[in-house]
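Chains A and B, in that order, give the protein sequences.
Take the first sequence: its position 82, counting from 1, is numbered 82 in this note's numbering, and each next residue is one higher.
So the number in this note's numbering is just where the residue sits in the second sequence, counting from 1, plus 1000.
Just so you know, even glycine gets a beta-carbon here, dropped at the ideal spot from N, CA and C.
Note that the coordinates shown come from a computational prediction; the quantities given were computed from them, not determined experimentally.
Working notes for the structure below.
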Amino acid sequence: MKQFAKQLWPKGIRVIVSFTCAMPVMLIIGCSTPLDHVGAFSRASADLAKNTAEAYESINTITVKRRISGIAADKEALPDEGTFKKIINDRNMAARISLLKGVQKYAQALGELATADFRNEIAAASKDLYGALGDLQDTYAKATNRSLPLSSENLSLIATAVDAIGTGIAESYRREALKTIVIQADPSIKQAMDQVGNELQILMPTVRANLDSIYTDMFKAYGRDKNGLSYTDRENMLCDIWKAYDRYKTFPVYFETLSSASAKVSSAHAALKKAVEANEFTTKELVEEIKSMAQLAISIKDFHDKLLVSEDK
Amino acid sequence: MSASQNPIIDRLTNIIDGINMLMRSHIKQKDLARLRKIRSIYHELLDKSIEKMIEENTPGFLNAVKELDEACKNVDDAIQNINMVSATIDKVVCAAKAVDTIFKLGINLIR
Chain A
1 MKQFAKQLWP KGIRVIVSFT CAMPVMLIIG CSTPLDHVGA FSRASADLAK
51 NTAEAYESIN TITVKRRISG IAADKEALPD EGTFKKIIND RNMAARISLL
101 KGVQKYAQAL GELATADFRN EIAAASKDLY GALGDLQDTY AKATNRSLPL
151 SSENLSLIAT AVDAIGTGIA ESYRREALKT IVIQADPSIK QAMDQVGNEL
201 QILMPTVRAN LDSIYTDMFK AYGRDKNGLS YTDRENMLCD IWKAYDRYKT
251 FPVYFETLSS ASAKVSSAHA ALKKAVEANE FTTKELVEEI KSMAQLAISI
301 KDFHDKLLVS EDK
Chain B
1001 MSASQNPIID RLTNIIDGIN MLMRSHIKQK DLARLRKIRS IYHELLDKSI
1051 EKMIEENTPG FLNAVKELDE ACKNVDDAIQ NINMVSATID KVVCAAKAVD
1101 TIFKLGINLI R
């Protein structure tokens, strides 16, 4: 059972997921500018896409484990090739993982566009311009014994104006680009996340039935074998049944939460689209949607923690 | 917990849940073996239904992947466009430096 648990939730992934799940919650609390809300949406969506990809991969493990458990419980049954066959084959899994990675990449890129600090680069370029014009002025003065009709103050004003105009242009580009991209991407984000949410909703009772069967097989095996076991072996077996019971109770709710969170990404993106169409980068509706996403992220983290506790028993 | 909104899958999983509940009760070993066989048939049907659903949904996923790739490309292009602002100022800097260099060269030639 320990191997099964480790297969489902490798330790490295568990630590990363626990940390990343808390990130959107921290970020939404710290949001101070409208573009930060776009950034918070992006981070929450990217984390969710990552967790959902892991959940998809766990379905194959759970199904194969249920088949193995059924064979182990029946002394006459033998495994065959079908025992180890993946319920989601490599091609179909790749389509889903690619899509979720696409959502993750899109969300991260959108966040980068929303929060990137272009000011520093423009300020550095403007400072270089001030230096270059100053050098030119010196050269001209030395050669002609006359000054350029521009004073140092004028040069400074030019550099400051270039900095301000450059920053203004960059900000204007940024907002226009965000608007165009969010409007263009909205149908595919909606299609992708609604489809993922629906599938997870359908997979949820399947995961529950598989884990229920594993738990039941272990439960009955204990009743059958307990008389021939020592106290320690019985205790170990009961602890394993407890873990199986926890997974049976926790995993389906986890899938349902991921399904709700996927639908929330779709509705939050729709709220973002509505906001940018009105040339706003935040609205009350968007903030509420992001808050809901953050709350779902807390739930996802809680389920991860429960599954971790179940493993440590 | 809500249903999956897929009646076939809901029915199959409900039956499996019921069989498991029965199996956990105090029943005879012979009945347990029979129930296990029946359960494995329902699991097989459930696996097939899931495989079918997954297969049918895949084209929609592949289509969305293409559209998202396009969206990602648009974001990258936008970031590059914004970087062009500082690149343009850099070009002006280069031009000013070039004028300065040529100017110095000209002065040296005259002297």
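Under 9 Å between C-beta atoms of residue i and residue j
i: E256 (chain A); j: Q201 (chain A); result: yes
i: I1082 (chain B); j: Y173 (chain A); result: yes
i: T52 (chain A); j: R67 (chain A); result: no
i: E1056 (chain B); j: N89 (chain A); result: no
i: S262 (chain A); j: L48 (chain A); result: yes
i: V103 (chain A); j: A46 (chain A); result: yes
i: G134 (chain A); j: V1093 (chain B); result: no
i: I87 (chain A); j: D1047 (chain B); result: yes
i: A123 (chain A); j: A294 (chain A); result: no
i: S213 (chain A); j: I1016 (chain B); result: yes
i: S156 (chain A); j: Q137 (chain A); result: no
i: S1086 (chain B); j: A164 (chain A); result: no
i: N210 (chain A); j: T115 (chain A); result: no
i: I1102 (chain B); j: K142 (chain A); result: no
i: H37 (chain A); j: V287 (chain A); result: yes
i: S69 (chain A); j: F251 (chain A); result: no
i: N1074 (chain B); j: Q184 (chain A); result: yes
i: M237 (chain A); j: A221 (chain A); result: yes
i: I189 (chain A); j: S266 (chain A); result: yes
i: L1068 (chain B); j: Y245 (chain A); result: no
i: N92 (chain A); j: T1058 (chain B); result: yes
i: A268 (chain A); j: S292 (chain A); result: yes
i: S1049 (chain B); j: N1020 (chain B); result: no
Per-residue DSSP class, three states only, for residue i
i: S292 (chain A); result: helix
i: S262 (chain A); result: helix
i: H1026 (chain B); result: coil
i: R146 (chain A); result: coil
i: I1089 (chain B); result: helix
i: F219 (chain A); result: helix
i: I214 (chain A); result: helix
i: D1100 (chain B); result: helix
i: A109 (chain A); result: helix
i: E314 (chain A); result: Nothing about residue 314 (chain A) can be reported from this structure: the residues present for chain A run from 1 to 313 only.
i: P79 (chain A); result: coil
i: D74 (chain A); result: coil
i: S45 (chain A); result: helix
i: Q137 (chain A); result: helix
i: E171 (chain A); result: helix
i: T283 (chain A); result: coil
i: F84 (chain A); result: helix
i: L229 (chain A); result: coil
i: D117 (chain A); result: coil
i: Q1005 (chain B); result: coil
i: A278 (chain A); result: coil
i: N1057 (chain B); result: helix
Buried or exposed (CB count within 10 angstroms, at least 16 for buried), residue i
i: C1072 (chain B); result: buried
i: N357 (chain A); result: Chain A is shown from 1 up to 313; residue 357 (chain A) falls before or after that span and cannot be answered.
i: I298 (chain A); result: exposed
i: E1044 (chain B); result: exposed
i: L229 (chain A); result: exposed
i: T1013 (chain B); result: buried
i: D1100 (chain B); result: buried
i: I1089 (chain B); result: buried
i: I1041 (chain B); result: exposed
i: T20 (chain A); result: Note that T20 (chain A) has pLDDT 42, beneath the 50 cutoff, so the model's placement of it is unreliable and the number below is only indicative. With 16 or more Cβ atoms within 10 Å of its Cβ, T20 (chain A) is classed as buried.
i: K264 (chain A); result: buried
i: E235 (chain A); result: exposed
i: G39 (chain A); result: buried
i: S126 (chain A); result: buried
i: R247 (chain A); result: buried
Residue i versus residue j - alpha carbon distance
i: Y215 (chain A); j: A1033 (chain B); result: 16 Å
i: R1011 (chain B); j: R208 (chain A); result: 13 Å
i: K1037 (chain B); j: I1008 (chain B); result: 20 Å
i: L110 (chain A); j: I181 (chain A); result: 9 Å
i: A159 (chain A); j: G166 (chain A); result: 10 Å
i: I300 (chain A); j: I290 (chain A); result: 15 Å
i: T232 (chain A); j: A1064 (chain B); result: 53 Å
i: G30 (chain A); j: S98 (chain A); result: Confidence at G30 (chain A) is low in this model, with a pLDDT of 48, below 50, so its placement is unreliable and no value can be given for it.
i: A1098 (chain B); j: K101 (chain A); result: 46 Å
i: G1060 (chain B); j: S42 (chain A); result: 23 Å
i: A95 (chain A); j: V196 (chain A); result: 11 Å
i: N120 (chain A); j: K179 (chain A); result: 23 Å
i: G1018 (chain B); j: S1025 (chain B); result: 11 Å
i: T314 (chain A); j: D302 (chain A); result: No statement about residue 314 (chain A) is possible, as the shown extent of chain A runs from 1 to 313 and does not include it.
i: P79 (chain A); j: R175 (chain A); result: 59 Å
Residue i: CB within 8 Å of a non-hydrogen atom of the ligand COA
i: R43 (chain A); result: The ligand COA is not part of this structure, which contains no ligands at all.
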